[in-house]
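Each number in the numbering used here corresponds to the 1-based position in the sequence shown with 79 added.
Note that CB positions come from ideal geometry on N, CA and C, so glycine has one too.
Small disclaimer: the values here were computed from a predicted structure and weren't measured.
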Amino acid sequence: MKKLMILIFFFGIISAGFCQLQNRTFEEIEALQQIQKRKTIVFIHADWCQFCQRMKSTTFKNQEIIESLNSNFYFIDFNTGEKRDISFNKQTFKYEPTGNNVGVHQLALQLGTMNNQIVYPVLCVLNDQNEIILQYNSYLSPKDFKLLLEKLKE
Numbered sequence: 080m081k082k083l084m085i086l087i088f089f090f091g092i093i094s095a096g097f098c099q100l101q102n103r104t105f106e107e108i109e110a111l112q113q114i115q116k117r118k119t120i121v122f123i124h125a126d127w128c129q130f131c132q133r134m135k136s137t138t139f140k141n142q143e144i145i146e147s148l149n150s151n152f153y154f155i156d157f158n159t160g161e162k163r164d165i166s167f168n169k170q171t172f173k174y175e176p177t178g179n180n181v182g183v184h185q186l187a188l189q190l191g192t193m194n195n196q197i198v199y200p201v202l203c204v205l206n207d208q209n210e211i212i213l214q215y216n217s218y219l220s221p222k223d224f225k226l227l228l229e230k231l232k233e
């Protein structure tokens, strides 16, 4: 019994050091806002975008960032090539094909368009009423993203 408790304690410490980023869906956010009001950070990206992939492999793998996002915000990792219909803010958004095996989701355009264009990666921050309060379209290093999260917590 004592050995079992030590093993459970040991694995608990190890797993706490490798916590996963909680990725939500738009539908979940609407329900979660009824329980606990939080800002939502939407990371809008494309598979072909090198800077998007770099943020996924560096910024969103940083343990401090993961802990801050999980504790203080709702997070949505949103691929602009998502093909399923998404219901959000009493609207249904669809994928729009633009050519052979290419297209963009209407919701990505709605949340990520700045100056009549979408430039990836995009961070879109929503308040607890799901209104856009910030859009940022550029790569953010872990250091810069931590600073942004600190400002957003205020």
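As summarised for the stretch 111 to 155, the continuous beta strand (DSSP E) elements at least 3 residues long and confined to that stretch are 118 to 124, given in chain order.
The stretch 105 to 115 makes no contact with the stretch 214 to 223, as fewer than three CB pairs between them are under 8 angstroms. For the stretch 173 to 213, the continuous beta strand (DSSP E) assignments of 3+ residues that do not extend past its boundaries occur at 174 to 178, 181 to 184 and 201 to 205, in sequence order.
The Cβ atoms of V201 and G191 lie closer than 7 angstroms to each other. Look at the beta carbons and you see the stretch 132 to 147 not touching the stretch 107 to 117: under three pairs across the two are nearer than 8 angstroms. Across the set F154, A187 and T137, the C-alpha of F154 shows the shortest separation from the C-alpha of Q101. Looking at E210, I120 and G160, the one whose alpha-carbon comes closest to that of K169 is E210.
Here C131 is buried: its Cβ has 16 or more other Cβ atoms, across all protein chains shown, within 10 Å. Around the C-beta of I123, 16 or more other C-beta atoms lie within 10 Å, and the residue is accordingly described as buried. Cα atoms of Q208 and K118: separation of roughly 9 angstroms, rounded to the nearest angstrom.
Annotated as proximal: A125 and Y199, with beta-carbon spacing under 7 angstroms. Our two residues, R163 and K173, have alpha carbons roughly 7 angstroms apart in a direct line. L205 has its alpha-carbon roughly 6 angstroms from the corresponding atom of I212. Judged by their CB atoms, I120 and F152 are nearer to each other than the 7 angstroms cut-off.
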